[in-house]
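Peer 1: The structure's right below; bear with me while I get my questions together.
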Amino acid sequence: MQPPPDAGGPSASSFAFWESLQPEDRDHLESVGHLRRFQAGSILMRSGDPAEEVLVVRKGVVRIYIADAEGHEVMINVLGVGAVVGSFEAVEQDGRIATAQAINDVVALSLTIEQFVGFLNSHTEGWALMCKILVGHIRQSNRARLAYRVLDARQRLALSILDNLDALQNYYDESPEEKNTLPFSQNELAGIIGASLSTVAHILAGWRKRGIVRTRKNSLVVDDTLALRKIAGNPKWMG
Amino acid sequence: MNRYDYLAHILDSDRTDPGAVFWTALTPDEQQALADLSQEQLFHRDEPLMRIGEPPICVMVIQSGFAKVLYSDAERTDCLVTVIGPGNLVGEFEAIDGGRRRATIVALDETRVYRLSTRKFLDFIEEHRHADLILKQSLISRFREVNRMPLSMASRKPSQRLALLLLDLLSRYGTDGPEGRCVTVPLTQEEIANWVGVNRQIVNKLLGSWRSEGILRVALRQVTVLDADRLLQQAYRRSIG
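Protein sequences appear in the order of chains W and X.
Residue numbering for the first sequence follows the working numbering, beginning at 6 and increasing consecutively.
Residue numbering for the second sequence follows the working numbering, beginning at 36 and increasing consecutively.
Here's what the structure looks like:
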């Protein structure tokens, strides 16, 4: 059996910058940085802005948007506790590559680019860890594009809901109701899977009738993940 | 900036992609040092540079020629996901994260590479600060590149998909000639069809009509983009605004 490309996708650990650090390094970063709070819906950083700080998520979940070749900002990822946001700019020291928005209330440790680069430079494994995280992000984007090329809109939607729900599971605090809630609007889901809003609304209406999902304003509750998995067809590269 | 302008801007800008030109971004000293650590290897058309599932024992830098990157789906048919060419680093992801090969890479023409062991490559990067920076920049540029292709590709017309993919190649490997920026890639119509995700007849028809309009030159296993502006119009026909 040949292994599927990018089997299982990014595990939460591949993005868990904070968890990969030694306790003394975390203490050090906490002593030099300061905590910032962002209300649900607020923007942490915006694409094109000058990059002055790096944020380590300590509480809450953040979504990341990046512009495609047409200048559309498309949601490409959700990041939660332990993830580092806005760190790639530490290499290029150019403007922001992506936009980050708080999904719920977020607390993040703020470091200046200089503090962050200084930290990476003073640790042998620092940059290696950053490169691993970066490769994980590239693989994830690759995988999404591959899946979307061969799947129809229903499969893409099911897959994307499951994927994002999985990612969020690792980030949310205990709360059974919240665990099955995807905080995306139908418009955002349409953007993620590259389909029209009417297509997404039509598919979701069908699933709602079958008791697979419940739709709310700006969010979606999944009641039957097994049914979604069947619809997605479990493509091999999903592991 | 509307979407049309945005892609036009990418094509026109002098900003070369560090991901595509890892080799040329190195200093002459670094190139020499890397060449000294490497063996030269030549792959003929259809010979694999690396195969999915293999352990990551080596890293390559393409010196000349092109190669196709294939992923396998559940039915084991090979999906052509991208085309890489001169200056490209190959196998560096696995060098960084230690995993097995995720894709199969197959030569499209006479593809000449420098090949060195993963260990030697990582040592080289550690000893050369500038090369290390180029590697990191190339990763970030790859990150940008994969996200640049719109996710809505799946719901586009074949003509728009084909135009976008050719423009992507042009932005990565295009060279400036007397008639503007052009690129020649050794792809068969079968391979293009696989890449676009449509059947060969559709590709054949599209290439034929674009050839008669002077947008492309098509020869055996070769497509040359001649008129980027008009290809850009094809990519956004009836969808501008």
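Don't be surprised by glycine CBs; every beta carbon is placed ideally from N, CA and C.
As the structure is a prediction and not an experimental result, all values here were calculated from the model.
Consult DSSP for Q172/X and reduce its assignment to one of helix, strand or coil.
Peer 2: Stepping through the second sequence from its first residue, residue 172/X is reached at position 137. Helix, per DSSP.
Peer 1: Determine which residues of the stretch 91-105 of chain W have a Cβ less than 8 Å from any Cβ of chain X, and write them out in chain order.
Peer 2: Only F93, V96, E97, I102 from the stretch 91-105 of chain W bring a Cβ to less than 8 Å from some Cβ of chain X.
Peer 1: Is it a yes or a no for the stretch 97-111 of chain W touching the stretch 60-67 of chain W, going by three-plus beta-carbon pairs under 8 Å?
Peer 2: yes
Peer 1: For H163/X, name the three-state secondary structure that DSSP assigns.
Peer 2: Numbered from 1 along the second sequence, position 128 holds the residue referred to as residue 163/X. H163/X falls in the coil class under three-state DSSP.
Peer 1: Counting only beta-carbon atoms, is K137/W nearer than 8 Å to chain B?
Peer 2: Protein chains W and X are contained in the structure displayed, whereas chain B is not.
Peer 1: Using a Cβ cut-off of 8 Å (strictly closer), state whether V116/X contacts chain W.
Peer 2: Mapped onto the second sequence, residue 116/X falls at position 81. Answer yes: the Cβ-Cβ gap between V116/X and chain W drops below 8 Å somewhere.
Peer 1: Return the bridge partner residues of T104/W from the DSSP annotation.
Peer 2: Counting from 1 along the first sequence, the entry for residue 104/W is found at position 99. Per DSSP, Y70/W.
Peer 1: Can you tell me which of R41/W, V83/W, V96/W, S25/W puts its alpha carbon nearest to the alpha carbon of E130/W?
Peer 2: If you number the first sequence from 1, residue 130/W lands on position 125. Of the listed residues, the one whose Cα sits closest to E130/W is S25/W.
Peer 1: If you follow the beta strand (DSSP E) that R252/X is in, where does it begin and where does it stop?
Peer 2: Sequence index remark: in the second sequence, residue 252/X carries index 217 (1-based). Here the beta strand (DSSP E) through R252/X covers 251-254.
Peer 1: Count the C-beta pairs between the stretch 208-216 of chain W and the stretch 130-146 of chain W that are closer than 8 Å, then say yes if the count reaches three, no if not.
Peer 2: no
Peer 1: What did DSSP end up calling A142/X once you bin it into helix, strand or coil?
Peer 2: As a position in the second sequence, residue 142/X is number 107, starting the count at 1. Reduced to three states, the DSSP call for A142/X is strand.
Peer 1: What does the Cβ neighbour count give for P10/W, buried or exposed, with the cut at 16 atoms within 10 Å?
Peer 2: Mapped onto the first sequence, residue 10/W falls at position 5. Residue confidence for P10/W is low, a pLDDT of 39 falling below 50, so the modelled location carries little weight; the figure read from the coordinates is stated next. With 16 or more other Cβ atoms from the protein chains shown falling within 10 Å of its own Cβ, P10/W counts as buried.
Peer 1: Residues in the stretch 121-153 of chain X with C-beta within 7 Å of chain W's C-beta atoms, listed in sequence order?
Peer 2: F128, I131, D132, R135, R137, A138
Peer 1: Could you give the C-beta distance for I102/W and E94/W, rounded to a whole number, given that I count them as a contact under 8 Å?
Peer 2: By 1-based counting over the first sequence, the position of residue 102/W is 97. By 1-based counting over the first sequence, the position of residue 94/W is 89. Contact holds; Cβ gap of about 7 Å.
Peer 1: So what does DSSP say about W242/W, is it helix, strand or coil?
Peer 2: Counted from its first residue, the first sequence places residue 242/W at position 237. Because W242/W sits at a pLDDT of 43, beneath the cut-off of 50, its placement in the model cannot be relied upon, and the following sentence gives the value as read from the coordinates. Note: W242/W maps to helix in three-state DSSP.
Peer 1: Using a Cβ-Cβ cut-off of 7 Å (strictly less than) and excluding sequence neighbours within five positions of T51/X, which residues of its own chain qualify?
Peer 2: Within the second sequence, residue 51/X is the residue found at index 16, counting from 1. Bear in mind that a pLDDT of 45 at T51/X, under 50, signals an unreliable position, so the model cannot answer this.
Peer 1: To the nearest whole angstrom, what separates the beta carbons of V96/W and Q172/X, a pair I think is in contact under 8 Å?
Peer 2: Translated into the one-based positions of the first sequence, residue 96/W becomes position 91. Translated into the one-based positions of the second sequence, residue 172/X becomes position 137. Sure, about 6 Å apart at Cβ, within 8 Å.
Peer 1: Just the C-alpha distance for G243/X and L199/X, rounded to the nearest angstrom, thanks.
Peer 2: Residue mapping note: residue 243/X aligns to position 208 of the second sequence, counting from 1. Residue mapping note: residue 199/X aligns to position 164 of the second sequence, counting from 1. C-alpha separation (whole angstroms): 17 Å.
Peer 1: Taking only beta-carbon atoms, is R183/X less than 8 Å away from chain W?
Peer 2: As a position in the second sequence, residue 183/X is number 148, starting the count at 1. Interface residue, yes.
Peer 1: Mind listing, in chain order, the continuous beta strand (DSSP E) runs of no fewer than 3 residues lying wholly within the stretch 95-134 of chain X?
Peer 2: 102-107, 113-119
Peer 1: Rounded to whole angstroms, what's the CA-CA distance from V226/W to Q268/X? Just pull it up for me.
Peer 2: What you label residue 226/W is simply residue 221 of the first sequence in a count that begins at 1. What you label residue 268/X is simply residue 233 of the second sequence in a count that begins at 1. Their Cα atoms are separated by approximately 41 Å.
Peer 1: Just how far apart, CA to CA, sit Q76/X and G100/W?
Peer 2: In the second sequence, residue 76/X corresponds to position 41, counting from 1. In the first sequence, residue 100/W corresponds to position 95, counting from 1. Between Q76/X and G100/W, the C-alpha separation is close to 39 Å.
Peer 1: Please report the Cβ distance between G122/X and M85/X, rounded to the nearest whole angstrom; I am assuming they are in contact, meaning their Cβ atoms lie under 8 Å.
Peer 2: Translated into the one-based positions of the second sequence, residue 122/X becomes position 87. Translated into the one-based positions of the second sequence, residue 85/X becomes position 50. Rounded, the Cβ-Cβ distance is 18 Å, inconsistent with contact.
Peer 1: Spell out whether any CB of chain X is found under 8 Å from the CB atom of I81/W.
Peer 2: Counting from 1 along the first sequence, the entry for residue 81/W is found at position 76. Yes - at least one Cβ of chain X is within 8 Å of the one on I81/W.
Peer 1: With DSSP collapsed to three states, give me the class of I48/W.
Peer 2: One-based indexing of the first sequence puts residue 48/W at position 43. Three-state DSSP puts I48/W in a strand.
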